Each structure stands twice: as C-alpha cells, then as structure tokens.
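When we follow the working numbering, the leftmost residue of the sequence shown carries the number 5, and every step to the right adds one.
For glycine and all other residues, C-beta sits at the position ideal for the given N, C-alpha and C.
Because the structure is a prediction, the values reported are computed rather than measured.
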Amino acid sequence: MKKYVAELIGTYAMVFCGTGAIIINEISNGTITHLGIAITFGLIVMAMIYALGEISGAHLNPAVTIAFAVDKKFSWKEVFPYTLFQFLGATLATLSLHFLFPTNINLGATVPFGSDIQSFILELILTFFLMLVILNVSTGAKEKGIVAGIAVGSVVGLEALFAGPICGASMNPFRSLAPAIISGNLQSIWIYLTAPVLGAILAVFIYKYLTKKNPHEQTKCIIRLHS
5 MKKYVAELIG TYAMVFCGTG AIIINEISNG TITHLGIAIT FGLIVMAMIY
55 ALGEISGAHL NPAVTIAFAV DKKFSWKEVF PYTLFQFLGA TLATLSLHFL
105 FPTNINLGAT VPFGSDIQSF ILELILTFFL MLVILNVSTG AKEKGIVAGI
155 AVGSVVGLEA LFAGPICGAS MNPFRSLAPA IISGNLQSIW IYLTAPVLGA
205 ILAVFIYKYL TKKNPHEQTK CIIRLHS
C-alpha cells in the first residue's frame, strides 16, 4: 500500500503543479510563459523521482508502468493497482485545481493544435524518447540515484518545451484524462490514451534490441575472462 500511496502522491504533485502552471499562466495573462510551464513539468517530475523513487519507482504514468511490465521488470499483477492510484492522484489534483480556479474552462487539458494524427505521432515519438531514457537510468522498475531524476526531468521539460504548443506534450494518459473528464474536453482524448502507451512499449523493444548481446560477443567475453 505504501507504493500505491506514493504513486498517488507523485501523480497528484505532477498534475497539480504542471497543469496548475498552465491554468495560472492563462489567468495571469502569460506571466509564467510557455518556458515556465515546461520547466515546471520537468522540475516536479525530477522532484518526485527523488522523493518517491526508492518507494514506488515514481512511475507517475500508466504508460511507464505498462512498459516496465512488458519489459518483465515489473509484475503484471501490480499494474492495475499502480494505474488505479495514478488515476486517483491525477483526478484529485484536477479536482483541487477546479476548486481553486472554478472559472477556468480547460483545467490544463491537452488539445491538439493541428490535426489529430499529427498530435498522435508526436505523442508516440515523445513518449518513445522518454521511455528510452527511463529504461537506461532505472534499476528494475525503480528510478533512483542522482542521474535518474535529472535525466527524466530534463527530457520531460525538453519535450514539453518544443512540442507542447502543438500536441500538449502529455506523454501520460492520466495527465490528459483527468483534466479532460472534469473539463468535458474529451473530443481528442483517444490520442493521449493510446499514443503514449504505444510509444513506451515500442521503446522497450528497441531498447532490448540495442542492448542485447549476440552469442558471438558473449563467447568472446568468456574467452577473455578465462585467458
């Protein structure tokens, strides 16, 4: 249960701070700026990895949890409770923001600026890059150490910075689903439910291919050790 509560708290913090920055930027006539929003997302993800990574792995994202399970670094029986508490965290964060800013219409919902297919492809690629980095800095299904927080937070901030104006740079189904449900902006939600999951799973297979040693290389290593 401690792991599940950690996922709830971490996802709450990410959605509250990240989408909160979007809402406050809107009502303050751009005081935070797009750069500030991207930095906010990156910093809160980094902070939650350092705060909760040793407890739950600080997935904060169902696409990441599912990808870890596909990679056999995470138990499939844990996927449902992890994703449930992530969804609860995202929903509670959006409800908190709705209470604080009741006149805001979108509540930080991700909406494509161009076509749906454009945003779908962008979200898939963005999540692919993000998961590729996570796989390289994680231990099992946990993210820990100095490198993990900086690396993952930087990727989130970077991708939000350049792709946010077009697709929202969600990379996280629940970060998009919770604001969409509560604000009623469900018209393009299928993009943000499918593309991040597919992108994260694709990253697993590519990572396996890139890091797999062929039998010839393994034999050469054994020969060196015994020579």
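#### Entry: Straight-line Cα distance separating Ala17 from Ala4
A query on residue 4 cannot be resolved here, the shown segment of the chain reaching from 5 to 231 and no further.
### Query
Quick check: the segment 115-134 against the segment 191-202, are there 3 or more CB pairs under 8 Å?
yes
### Query
Would a C-beta distance cut-off of 8 Å place Leu64 and Leu165 closer than the cut-off?
no
### Query
Could you give the uninterrupted runs of the alpha helix (DSSP H) lying entirely in the segment 108-167, keeping only those of 4 residues or more?
120-141
### Message
Suppose contacts are defined by Cβ-Cβ distances below 8 Å. Is Ala94 in contact with Ile59 by that definition?
### Response
no
#### Entry: Simplified DSSP assignment, three categories, for Arg173
The identity of residue 173 in the sequence shown is Ala, whereas the question assumes Arg. Reduced to three states, the DSSP call for Ala173 is coil.
### Query
Under the three-state reduction of DSSP, which class applies to Ile193: helix, strand or coil?
helix
### Query
Taking C-alpha atoms, which residue in Ser174, Ala25, Thr143 and Lys216 lies nearest to Asn108?
Ala25
### Beta-carbon proximity list for Leu136, same chain, < 8 Å, skipping 5 on both sides
Ala207, Ile210 and Tyr211
### Query
Are the CB atoms of Ile186 and Leu99 nearer to each other than 8 Å?
yes
### Where Cys225 falls, given that 16 or more other Cβ within 10 Å makes a residue buried
With a pLDDT of only 48 at Cys225, under 50, the local geometry of the prediction cannot be trusted, and the value read off the model is given with reservation. Exposed is the call here.
### Query
Are the CB atoms of Phe78 and Val160 nearer to each other than 8 Å?
no
#### Entry: Where Ile150 falls, given that 16 or more other Cβ within 10 Å makes a residue buried
exposed
### Query
Which class does Ala62 belong to by DSSP, given the choice of helix, strand or coil?
coil
### Task
Please check the pair Ser174 and Asp120, which I expect to be a contact at CB under 8 Å, by giving their CB distance rounded to whole angstroms.
With 8 Å as the limit, Ser174 and Asp120 do not qualify as a contact, their Cβ atoms being about 13 Å apart.
#### Entry: DSSP-derived helix/strand/coil call for Asn33
coil
### Message
Quick check on Met50: buried or exposed, where buried means 16 or more other Cβ atoms within 10 Å of its Cβ?
### Response
buried
#### Entry: Contacts around Leu229, its chain only, beta-carbon distance under 7 Å, and the 5 residues preceding and following it disregarded
Because the pLDDT of Leu229 is 49, which lies under 50, any placement of that residue in the model is unreliable, and the question is left without a value.
### Task
Have a look at Phe105 and Leu111 and give me their C-alpha separation to the nearest angstrom.
8 Å
### Assigned exposure category for Pro169 - 16 Cβ within 10 Å defines buried
exposed
### Query
So is Thr15 buried or exposed if we call it buried at 16+ other beta carbons inside 10 Å?
buried
### Task
Compute the Euclidean distance between the alpha carbons of Ala152 and Phe133, then round it to the nearest angstrom.
14 Å
### Query
Would DSSP call Met5 helix, strand or coil?
coil
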